[in-house]
Amino acid sequence: MFDPIFNLKGKRVLITGGAGSLGTLITSAFVERGASVVVQDLNANRLEEVINSIPDSSGKLFSLTSDLSSAEECKRTVEDASKLLDGLDIVINTAGINRRKLIEDVTPEDFDAIVSVNMRAIYFISQASHPIMKKGGGGVIVNMSSLSARYSFNTISVYAATKAAVSSITRSSAREWARDKIRVNCIEPSVIKTDFTKPLWGEPHRTKWFDETTPIGRLSAPDEIIGAVIFLATDASSYITGQSIVIDGGILSGGDWDSYKDN
Ligand SMILES: NC(=O)c1ccc[n+]([C@@H]2O[C@H](COP(=O)([O-])OP(=O)(O)OC[C@H]3O[C@@H](n4cnc5c(N)ncnc54)[C@H](O)[C@@H]3O)[C@@H](O)[C@H]2O)c1
Numbered sequence: 472m473f474d475p476i477f478n479l480k481g482k483r484v485l486i487t488g489g490a491g492s493l494g495t496l497i498t499s500a501f502v503e504r505g506a507s508v509v510v511q512d513l514n515a516n517r518l519e520e521v522i523n524s525i526p527d528s529s530g531k532l533f534s535l536t537s538d539l540s541s542a543e544e545c546k547r548t549v550e551d552a553s554k555l556l557d558g559l560d561i562v563i564n565t566a567g568i569n570r571r572k573l574i575e576d577v578t579p580e581d582f583d584a585i586v587s588v589n590m591r592a593i594y595f596i597s598q599a600s601h602p603i604m605k606k607g608g609g610g611v612i613v614n615m616s617s618l619s620a621r622y623s624f625n626t627i628s629v630y631a632a633t634k635a636a637v638s639s640i641t642r643s644s645a646r647e648w649a650r651d652k653i654r655v656n657c658i659e660p661s662v663i664k665t666d667f668t669k670p671l672w673g674e675p676h677r678t679k680w681f682d683e684t685t686p687i688g689r690l691s692a693p694d695e696i697i698g699a700v701i702f703l704a705t706d707a708s709s710y711i712t713g714q715s716i717v718i719d720g721g722i723l724s725g726g727d728w729d730s731y732k733d734n
């Protein structure tokens, strides 16, 4: 049914932040393709909804509730996932938060909260996954960065800094762990139409800005990131490591000076 180079059948996968908008879609796409998935999140109620929304998982879908803002819980989460799955082939680091404020309003507590989930959790989830994947003969890590790693907006200074760090951690871990047959890549999506970003796209002038600035002419739908995640998680990308795939509808491709011409 699926092309073998995109094969996920039998793969043992941990998806953090898996009860979120994108995590739920990724979980469902992986289970549908035959992977065994531990879906992790802080939000136990939403985790239960995710599990119930994927009917045909034949006992291959497990949930784990934990708070990844703690490095100890990151380690425990990976160890528990590995026990449930009897090993670990793929980790998708999706958990993330934001607190949108102008720089002058950001408190040290805001700063630490965003860093602890977006940056530190990815680092320590990856660190804990490394020995398990190494022992199993290799693995793949896909990190959820953001276009804001290189193209920021007002009110997301700390978030953007953490996403630049995610892209950097991706490169560092790819370098160190290539020798252990572990590939590490990330995706950098522009604003996707999810609840997480509703404050950004929910106002008409902002949607207008995105529609007019994005060469493809619209914001992306949540399921438009799935192809890139599957590509990076499977042998389809077997010689790619340390890379970021920008999913931005062409925003970074350049500008349109002719739109300034008098009509
Ligand atoms: N939606 C977008 O436009 C967009 C664009 C680029 C990147 N991203 C990134 O994609 C990822 C998912 O985004 P989303 O739109 O699905 O957001 P979301 O808020 O729906 O999902 C994030 C999930 O992370 C979980 N989480 C938060 N804190 C946690 C913690 N301490 N421990 C464990 N889990 C925790 C939340 O409960 C939530 O389920 C995030 O990392 C986000 O930064 C999103």
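The sequence shown lines up with residues 472 to 734 when you count with the numbering used here. Virtual Cβ for every residue (Gly too), placed ideally from N, Cα, C.
Put residue i into one of helix, strand or coil per three-state DSSP.
{"i": "residue 478", "result": "coil"}
{"i": "residue 736", "result": "Since the first residue of the chain shown is 472 and the last is 734, residue 736 is not available in this structure."}
{"i": "residue 557", "result": "coil"}
{"i": "residue 714", "result": "coil"}
{"i": "residue 656", "result": "strand"}
{"i": "residue 533", "result": "strand"}
{"i": "residue 485", "result": "strand"}
{"i": "residue 666", "result": "helix"}
{"i": "residue 726", "result": "coil"}
{"i": "residue 551", "result": "helix"}
{"i": "residue 616", "result": "coil"}
{"i": "residue 733", "result": "coil"}
{"i": "residue 499", "result": "helix"}
{"i": "residue 691", "result": "strand"}
Roughly how many angstroms separate the alpha carbons of residue i and residue j, rounded to a whole number?
{"i": "residue 601", "j": "residue 611", "result": "10 Å"}
{"i": "residue 580", "j": "residue 541", "result": "15 Å"}
{"i": "residue 486", "j": "residue 475", "result": "22 Å"}
{"i": "residue 709", "j": "residue 622", "result": "28 Å"}
{"i": "residue 523", "j": "residue 584", "result": "30 Å"}
{"i": "residue 488", "j": "residue 512", "result": "5 Å"}
{"i": "residue 663", "j": "residue 605", "result": "34 Å"}
{"i": "residue 518", "j": "residue 536", "result": "8 Å"}
{"i": "residue 504", "j": "residue 730", "result": "44 Å"}
{"i": "residue 570", "j": "residue 667", "result": "10 Å"}
{"i": "residue 631", "j": "residue 671", "result": "14 Å"}
{"i": "residue 682", "j": "residue 539", "result": "35 Å"}
{"i": "residue 516", "j": "residue 529", "result": "21 Å"}
{"i": "residue 675", "j": "residue 624", "result": "16 Å"}
{"i": "residue 732", "j": "residue 669", "result": "32 Å"}
{"i": "residue 533", "j": "residue 514", "result": "14 Å"}
{"i": "residue 649", "j": "residue 678", "result": "41 Å"}
Can you tell which of the options has the C-alpha that lies nearest to the C-alpha of residue i?
{"i": "residue 509", "options": "592, 564, 627", "result": "564"}
{"i": "residue 478", "options": "590, 670, 583, 561", "result": "561"}
{"i": "residue 520", "options": "496, 538, 673", "result": "496"}
{"i": "residue 659", "options": "591, 639, 511, 527", "result": "639"}
{"i": "residue 544", "options": "571, 596, 526, 500", "result": "596"}
{"i": "residue 651", "options": "517, 608, 690, 525", "result": "608"}
{"i": "residue 690", "options": "665, 706, 534, 707", "result": "665"}
{"i": "residue 500", "options": "704, 599, 550, 591", "result": "704"}
{"i": "residue 706", "options": "676, 515, 653, 677", "result": "653"}
{"i": "residue 694", "options": "484, 494, 591, 679", "result": "494"}
Would you say residue i and residue j are within 8 Å of each other, going by their C-beta atoms?
{"i": "residue 502", "j": "residue 531", "result": "yes"}
{"i": "residue 589", "j": "residue 574", "result": "no"}
{"i": "residue 715", "j": "residue 619", "result": "no"}
{"i": "residue 718", "j": "residue 692", "result": "no"}
{"i": "residue 593", "j": "residue 637", "result": "yes"}
{"i": "residue 711", "j": "residue 656", "result": "yes"}
{"i": "residue 635", "j": "residue 713", "result": "no"}
{"i": "residue 687", "j": "residue 720", "result": "yes"}
{"i": "residue 701", "j": "residue 661", "result": "no"}
{"i": "residue 599", "j": "residue 550", "result": "yes"}
{"i": "residue 572", "j": "residue 626", "result": "yes"}
Report the CB separation of residue i from residue j in whole angstroms; it is logged as a contact under 8 Å.
{"i": "residue 552", "j": "residue 559", "result": "6 Å"}
{"i": "residue 628", "j": "residue 586", "result": "Actually they do not touch by this definition, with Cβ atoms about 12 Å apart."}
{"i": "residue 556", "j": "residue 492", "result": "Actually they do not touch by this definition, with Cβ atoms about 24 Å apart."}
{"i": "residue 614", "j": "residue 641", "result": "5 Å"}
{"i": "residue 498", "j": "residue 525", "result": "7 Å"}
At a cut-off of 7 Å, is residue i close to ligand 2 when judged by its beta-carbon and the heavy atoms of the ligand?
{"i": "residue 591", "result": "In terms of ligand content, the structure shown lacks ligand 2 and carries ligand 1 instead."}
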